[in-house]
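K.L.:
Pasting a structure here, questions to come.
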Amino acid sequence: MYLLDDRFSTVIAFIEGFSTACNESPLNGFQEWVSKRILGGHSSRHWAYIIASTQVPGMLDGQVPIDQIPRELEIGLIEAALDLLEEFLGLPAD
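Read in order, the letters of the sequence shown correspond to residues 99 to 192 in our numbering.
The structure is reproduced here in structure tokens:
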């Protein structure tokens with residue numbers, strides 16, 4: 099995959115755009131799965147904010163916008179998001 103930059107928000111936009119372009123959304127259920135996996139229950143926050151909250155205090159309560167994540171944390175968050183996505187896509191279909 100080629101992206102213009104190495105920002106977390108750019109990767110999230112790419113993943114969401116890919117999902118939207120597919121006839122059947124590969125991300126169907128991902129929001130709920132990430133919420134349960136990281137927070138232990140339901141959350142109305144977008145899955146990207148939930149993932150980012152693991153390393154960025156203030157992300158879930160709206161104190162830090164997704165485009166203001168410190169640069170030194172972005173690569174780790176991208177790797178975490180891709181690992182979670184890979185794990186989710188490897189789960190057996192319901």
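Where a beta carbon is used, it is the ideal one built from N, C-alpha and C, also for glycine.
In angstroms with no decimal places, state the Cα-to-Cα distance between Phe106 and Gln166.
P.N.:
Approximately 10 angstroms, taken between the alpha carbons.
K.L.:
Just to confirm the assignment, what range does the alpha helix (DSSP H) spanning Val109 have?
P.N.:
Its alpha helix (DSSP H) spans residues Phe106 to Ala119.
K.L.:
Whose C-alpha, out of Phe186, Ala191 and Pro190, is nearest the C-alpha of Trp131?
P.N.:
When each option's Cα is compared against that of Trp131, the closest is Phe186.
K.L.:
Does the separation of the CB atoms of Ala178 and Ile148 fall below 8 angstroms?
P.N.:
Cβ distance not < 8 angstroms, so Ala178 and Ile148 don't count as in contact.
K.L.:
Would Ala125 pass as a contact of Ser133 if the rule is Cβ separation under 8 angstroms?
P.N.:
A small fix is needed here, since residue 125 is Leu in this sequence, not Ala. Cβ distance not < 8 angstroms, so Leu125 and Ser133 don't count as in contact.
K.L.:
Starting from the N-terminal side, write out each stretch of the alpha helix (DSSP H) that is 4 residues or longer and does not extend beyond the stretch 120 to 157.
P.N.:
Counting whole runs of 4 or more residues, the stretch 120 to 157 contains the alpha helix (DSSP H) stretches 128 to 132 and 145 to 150.
K.L.:
Could you give the residue range of the alpha helix (DSSP H) that holds Ile176?
P.N.:
Note, Ile176: alpha helix (DSSP H), Arg169 to Leu187.
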